[in-house]
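*Asks:* Chains as they are written, first to last, in our numbering: chain A, 1 to 121; chain B, 1001 to 1561; chain C, 2001 to 2450. We treat Cβ as the ideally placed atom computed from N, Cα and C, and that holds for glycine. Since we're looking at a predicted model, the values are computed, not measured.
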Amino acid sequence: MPEKMILIGGRSKRQGTALCAGKTGAEYLDVSTTLEMNVEDMARLGLKADSRVRLRTPSGETILRCKGRETKDLPKGLLFMAYGPASSQLMAGDTAGSGMPLSKNLQVEVEPVGPDEAPGE
Amino acid sequence: MASTLRIANGRVYDPANGLDGVVQDICIQDGRIVAAVPAGTKTVDARGMVVMPGGVDIHCHIAGSKVNMARKLQPEDHRHDVHLRTRVTRSGTGGTVPSTFATGYRYAALGYTAAMEAAVTPLGARSTLEELQDTPVIDKGFFVLVGNNVLLFRLLQEGRLEEFRHTLAWWISATKAYAPKLVNPGVDAMWKGERNANITTLDQKIGPFDLTPRKVIGAFIQAAEDLGLPHPVHIHCNNLGHSGNYETTLETMRIADGRRVHITHVQFHSYGSVAGKTTDNPTSKAREIADYVNTHPNISADVGAVMFGRSTSMTADAPLAYMLRRFGSHKWINADSENESGCGILPFTYQDKVYTNALQWAIGLELFLRSEDPWRMVFSTDHPNGGSFMSYPKLIRLLMDREFRKEEMAKVNQKAIDNSGLRECQEREYSLFEIAIITRAGPARLLGLTAKGHLGVGADADITIYEEDADKEKMFSTPRYVIKEGTLVIEDHEFRADVEGRVFHVMPDYDPGIEQVIQPFFEDFYTIQFANYPVDLHYLHRHQAVPTAHQTAAAAPAADA
Amino acid sequence: MSDDNTRTVTDATCTFCGCVCDDITLSVDVAQHKITKSQNACVLGKAWFEEHGIEERPFALIGGREATTEEGVEEAARILAEARYPIIYGLSDTTCEAQRVAVSIADMIGGNLDTTTSVCHGPTGMAFQNLGESTASLGEIKNRADLIIFWGGNPAEAHPRLFTRYAVTPKGMYTPNGRKDRTVALVDVRRTASTPVADIFLQVKPGSDFEVLWSLRALVKGRKVDASIEQRTGISLAVLEDLVARMKRCQFGALLFGMGLTMTRGRHFNAGALLALATDLNEFTHFVAAPVRGHGNVTGADNVVSWQTGFPFGVNFSRGYPRFNPGEWTTADLLARGEADAAMILASDPASNFSRPAIEHLKRIPVITLDPKTSLTSQLARVAFTTATYGINVPGTVYRMDNVPISLRPAFESPYPSDHQVLTAIRERVRALLGGNRTPAGSPLAAVAT
């Protein structure tokens, strides 16, 4: 049974510098498919650094690579990733008449997957 | 091949050249008025029509950061007043703060061919010039806000008057402005630095500075005179909108002591107070203000008349806008510019049944009707503060048609009419000749634009042709032809061409060494590099530098000396 | 230190983020078309300057085939002139000069015009339309602010010099001791690289910003707030009361907020609550608020679209005049609904940051892109122009996040044309194809021609 968590999308320095190098580069792919997760949540789900997880919303799904963060920095149940093609897969097309799709505070289903699944797919 | 045009047989109103409805031809070649054009030249038949120079608006708010904030603020004001594109002109939106294209076309469609944006922060000069380039047809320029400039205050407080003058000249040149503008001098230090306080008297200490508004105003008047600027200091006095403020206005004019000064939207500065009350219930002091202007030829003013309906208050006088919030606006903008200015914006509706609004309306009319010199008390609504420029035709009718004026007076708050002096001067009617002065010839002369506002040989061929009508509002709403620099922009009431007007600016001389004084201040207190601050000429596109008195004298033949 | 091949550009302007820092000194290797050093730039600025060399790319690709710029212009103009519902989107990473031409094309063809503002601080723009705002240029914040509150943003990673140049450490006129003269608070749902800068950190529960802001408003106005606010938001009443006391006590307060408010539940209500809080505080002291804007010239796009149309983004010209309606003419929704039959995208990459249904629609219609680099959007385009990079190769105007316009000082020439040049060529070609501005069918104005 996949677990429900809250995903926050945002910017990061590495995403910014990778963007200048080019969106088709390996660095950009890497930075935009890295998922930050609370270390206790990771342990509970049996995940280690670089383990693959699938995130799913009613709009779509994507495979990401995990990176642990301490509870004081990222509370349990909260996830963070840099904006990019992978985070867009999870966004709804509807904007409730605002023009702005929600990309922070998204409820996502989290499910560990095998190491062979390629991030970003 | 020279482009020529003849306007034949119109009744010409050209006050600068003494023509009061004389039937004669006007000849145009290459955008200017000439004495004659060859036979066979394209002719506009103006028989039975009124020919005037294009209108010149001496004071309005049409471009720049504060105007654009006011535009963004009011989608509801644009929706009900859209401006369709044609094959040759751009679309836009209207309301009290129209989009740039709509602004240019709508001014032109009223027969105006020049307008001065009256309050620009130096930091916002670039955006003003970009917007002005997107404001078609009309010529334009802007006044730069210097009356709360921290560096100028510091120089003044230290008694460095010569450096003060050079720095002022640098600022006008660096921003490509036309004239220096003071708004509620001293207010910024109080508003930003002392928990939203205001200036209340000319002799109070300005926040941390060892200065008073009186001293600041006097210094600017002198510096502008010493620089020989074509238009003197343009002053929005202290205490705008407050009951009893006419004494501040009179005292400000006295500071000039014979030197040239322009007092803007003087209607907003002509209020008395009921004894002992300063917060509400203003009374009219239009007589006192008009008398002073009438008897002091060094003073000029524009009226800043109030027209009923929607307006947008936009001002560098931030506490004024904050005070106006009390009257029901849900929206309010405050915008501070580092070291230079403040700004307040809010939508505002003038209501004819409200005592204060009706009194303001009456005072505006009173000032016009009490004025004895139309060349020095000229036309404005301080667009869009007192009302949109789209209300100009109605205001002209109010001045020209006393029966209409009496009908309108009967509709508004009667206590306000009773408390004004409007009934004392209600029999006067403006003539077409006087209207041509207050809307064209006068403003052009006060601005020092020698090729504008008249139809003499050598003038720019900016011409409006009206079909005469007993209803002056209708007549001035829909000119039949509008000619801009010789191009028939409007023909038979329709746009035929889209042209770009010019930017007028002034480049007063200054000692380049003054930059050694200015640069360190920038490095400490600005967030933009000194080298990136001055506006270069490419932002001006079509433009013309108007010389100062010294530059004109220097360029004159030696034989004159 | 410099030889013939090395050029130094002083006071250059970085357009990576909305800080638009204009104090960068660039060392340029002219022969290699490369910036080798960008002094004063932050890590993002360095990447911006030093990664934008000249890549060997075709001037244009038409259906994947290499083409000249002129051929691209011809094909792009044909697409735009023939389309019944063309859209123009992006605009944030180019000059105001180019933005002005882009809007004029949308007007001429009766298309739809939208900028990346709609997916950035668009909700802030809507809140502004409802309330106005009390705001200030960044220099006034540097000179005067003694209390600064960051809300829902991570400037250390997204706007690295905001702290050092404008808002936290710089010494100003009435803040002569810099950092020591200021109290800094930060509100976010997680700890970030920005958190250590703050004296006070409020970690709010996700999705409870509005409740926190509304409680602060209530306390400012002297109303009672129930202690249960802590369960709802994660912030205790005592902490809120302390913050309110500080806000009222300061001489000049500033609230700087990010997309943590606009991209989450509540959107323009959150931004509106924050703007209203700053406005309310002016009863007690001087208080300002400002959105921390993203891309280099997204603020310029807001200004240009506003002065030309009266509305800041999401503008439709199909009836012959500008109409504004977020949700209807904002691109994220419009594409997701499968509307538009042609798109011109400049200076942005919706194929990498829009929702899946929106991207699926982009794949179905002819797309024109203008971009210095290959992007996901340029890869799906029918016509993809390579253009020069603004601020590095192209002069022009950009607006800082506080609406201050700044001129660019390019470092070296690019063989590629600017966005402005390509757009101007497209406009003139469209004008020729349509015989002037398109006027709505049946409009009496259609008959008025020169």
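What is the DSSP secondary structure of residue 1269 (chain B), counted as helix, strand or coil?
*Replies:* helix
*Asks:* Kindly list, in the order they appear in chain A, the residues whose Cβ is closer than 8 Å to that of residue 2093 (chain C).
*Replies:* Neighbours of residue 2093 (chain C) on chain A: none; closest Cβ ~11 Å, over 8 Å.
*Asks:* Return the CA-CA distance between residue 2141 (chain C) and residue 1016 (chain B), expressed in angstroms with no decimal places.
*Replies:* 50 Å
*Asks:* Along the chain, where does the alpha helix (DSSP H) that runs through residue 1229 (chain B) open and close?
*Replies:* Run containing residue 1229 (chain B): none; DSSP gives neither H nor E here.
*Asks:* Looking at the ligand MG, does it come within less than 8 Å of residue 1199 (chain B), judged from the CB to the closest heavy atom?
*Replies:* Absence of the ligand MG is noted for the structure shown, with no ligands found whatsoever.
*Asks:* Name the residues in the segment 1509-1530 of chain B whose C-beta lies less than 9 Å from a C-beta of chain C; which are they?
*Replies:* 1524, 1525, 1526, 1527, 1528, 1529 and 1530
*Asks:* Can you pull the DSSP bridge partners for residue 1543 (chain B)?
*Replies:* According to DSSP, residue 1543 (chain B) shares a beta bridge with B:1503.
*Asks:* Does the Cβ-Cβ distance between residue 2454 (chain C) and residue 2194 (chain C) come in under 9 Å?
*Replies:* Shown here, chain C extends from 2001 to 2450; a query on residue 2454 (chain C) therefore has no answer.
*Asks:* Excluding five sequence neighbours on each side, which residues of the same chain lie with their C-beta closer than 7 Å to the C-beta of residue 2448 (chain C)?
*Replies:* Per-residue confidence for residue 2448 (chain C) stands at a pLDDT of 45, beneath the threshold of 50, marking its modelled position as unreliable; no derived number is given.
*Asks:* Using the Cβ count rule (16 or more neighbours within 10 Å means buried), how would you classify residue 2303 (chain C)?
*Replies:* Residue burial is scored here from C-beta neighbours: residue 2303 (chain C) has at least 16 other C-beta atoms within 10 angstroms and is therefore classed as buried.
*Asks:* What residues in its chain sit with their C-beta under 8 Å from that of residue 71 (chain A), if we drop five residues either side in the sequence?
*Replies:* 38, 39 and 40
*Asks:* To which residues does DSSP link residue 2024 (chain C) through a beta bridge?
*Replies:* Residue 2024 (chain C) is bridged to C:2012.
*Asks:* Does DSSP classify residue 2086 (chain C) as helix, strand or coil?
*Replies:* Annotated three-state conformation of residue 2086 (chain C) is strand, per DSSP.
*Asks:* For residue 2272 (chain C) and residue 1350 (chain B), I'd like the C-alpha separation in whole angstroms.
*Replies:* 27 Å
*Asks:* Got a sec: is the Cβ-Cβ distance from residue 1463 (chain B) to anything in chain C below 9 Å?
*Replies:* no
*Asks:* Return the CA-CA distance between residue 2098 (chain C) and residue 1174 (chain B), expressed in angstroms with no decimal places.
*Replies:* One C-alpha to the other measures close to 25 Å.
*Asks:* Measuring straight from C-alpha to C-alpha, what distance separates residue 1375 (chain B) and residue 1442 (chain B)?
*Replies:* Computed Cα separation, rounded: 4 Å.
*Asks:* According to DSSP, is residue 2338 (chain C) part of a helix, a strand, or is it coil?
*Replies:* coil
*Asks:* Roughly how many angstroms separate the alpha carbons of residue 1464 (chain B) and residue 1108 (chain B), rounded to a whole number?
*Replies:* 9 Å
*Asks:* Looking at C-alpha atoms only, which residue of C:2081, C:2078 and C:2123 is the closest neighbour of residue 95 (chain A)?
*Replies:* When C:2081, C:2078 and C:2123 are compared, the shortest CA-CA separation from residue 95 (chain A) is found for C:2123.
*Asks:* Looking at chain B, which residues of the segment 2138-2149 of chain C have a Cβ within less than 8 Å of any of its Cβ atoms?
*Replies:* 2138, 2139, 2140, 2142, 2143 and 2144
*Asks:* Just by C-beta distance, which residues in the segment 2250-2281 of chain C are closer than 8 Å to chain A?
*Replies:* Result list: 2259, 2260, 2262, 2263, 2264, 2265, 2267 and 2268.
*Asks:* How is the alpha helix (DSSP H) around residue 111 (chain A) delimited, first residue to last?
*Replies:* That residue, residue 111 (chain A), is in no alpha helix (DSSP H); its beta strand (DSSP E) goes 106-113.
*Asks:* Would residue 67 (chain A) count as contacting chain F if we go by Cβ distances under 9 Å?
*Replies:* Among the protein chains of the structure shown, namely A, B and C, there is no chain F.
*Asks:* Mind listing the chain A neighbours of residue 2373 (chain C)? Cutoff is C-beta to C-beta under 8 Å, in chain order.
*Replies:* 22 and 23
*Asks:* Any idea if residue 2311 (chain C) is buried or exposed, counting beta-carbon neighbours within 10 angstroms, 16 or more meaning buried?
*Replies:* buried
*Asks:* To the nearest whole angstrom, what separates the beta carbons of residue 2009 (chain C) and residue 2409 (chain C), a pair I think is in contact under 8 Å?
*Replies:* At roughly 6 Å, the Cβ-Cβ gap stays under 8 Å, so residue 2009 (chain C) and residue 2409 (chain C) are in contact.
*Asks:* Which residue from B:1414, B:1424, B:1420 and B:1381 puts its Cα closest to that of residue 1402 (chain B)?
*Replies:* B:1424
*Asks:* If you follow the beta strand (DSSP E) that residue 1020 (chain B) is part of, which residue opens it and which one closes it?
*Replies:* Per DSSP, residue 1020 (chain B) belongs to the beta strand (DSSP E) from 1019-1029.
*Asks:* Round the Cβ separation of residue 1394 (chain B) and residue 1467 (chain B) to the nearest angstrom and send it over; I've been treating them as touching at under 8 Å.
*Replies:* About 18 Å separates the Cβ atoms of residue 1394 (chain B) and residue 1467 (chain B), ruling out a contact at the 8 Å cut-off.
*Asks:* Pair every Cβ in the segment 2430-2438 of chain C with every Cβ in the segment 2077-2094 of chain C, then say whether three or more of these pairs are closer than 8 Å.
*Replies:* yes
*Asks:* Put residue 28 (chain A) into one of helix, strand or coil per three-state DSSP.
*Replies:* helix
*Asks:* Give the straight-line distance between the Cα atoms of residue 2043 (chain C) and residue 2158 (chain C), rounded to the nearest whole angstrom.
*Replies:* 10 Å
*Asks:* May I have the straight-line CA-CA distance separating residue 1273 (chain B) from residue 1253 (chain B), to the nearest angstrom?
*Replies:* 20 Å
*Asks:* Please decide whether residue 2310 (chain C) counts as near chain A, where near means a Cβ-Cβ distance under 9 Å.
*Replies:* no
*Asks:* Using CA atoms only, rank isn't needed, just tell me which of B:1013, B:1004, B:1069 and B:1034 is closest to residue 1041 (chain B).
*Replies:* The shortest Cα separation from residue 1041 (chain B) among B:1013, B:1004, B:1069 and B:1034 belongs to B:1004.
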